[in-house]
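Asks:
Following this line, the structure appears as C-alpha cells:
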C-alpha cells in the first residue's frame, strides 16, 4: 500500500458507493438505521461548568439556551 498516494488521494478506491443525497443511509445496514436514537444524558454540573464565552463568534448560537444558574456556594467552601 502506498500510504503517501492514499493520503494525496491518488489511489482509486476498489468500490465507490452511489449516493443520491447527503442524508441517504442506503449504504448502512437497516439494523442500525432503524434503531431509536438514545442520547447520553449530561449531568447538570457539567452543563453549569461550560464556559459560554468559548462559543462567542460561532455562526449559530441557540438564543433560547439558558445555562443553569451556578449552584449556591456552600458556606464551607
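In UniProt numbering, the protein residues as written are 1 to 77.
The beta carbon of each residue, even a glycine, is placed where N, CA and C say it ideally should be.
Helix, strand or coil for residue 2 per DSSP?
Replies: Note: residue 2 maps to coil in three-state DSSP.
Asks: State the start and end residues of the unbroken alpha helix (DSSP H) segment that holds residue 31.
Replies: Run containing residue 31: 30-33, per the alpha helix (DSSP H) assignment.
Asks: Please name the residue, chosen from 16, 33 and 15, that lies closest to residue 23 on a Cα-to-Cα basis.
Replies: Of the candidates 16, 33 and 15, the one whose C-alpha sits nearest the C-alpha of residue 23 is 33.
Asks: Terminal residues of the continuous alpha helix (DSSP H) containing residue 47?
Replies: Start and end: 44-49.
Asks: Measure the alpha-carbon distance for residue 61 versus residue 21 and round it to whole angstroms.
Replies: Taking the straight line joining both Cα atoms gives about 27 Å.
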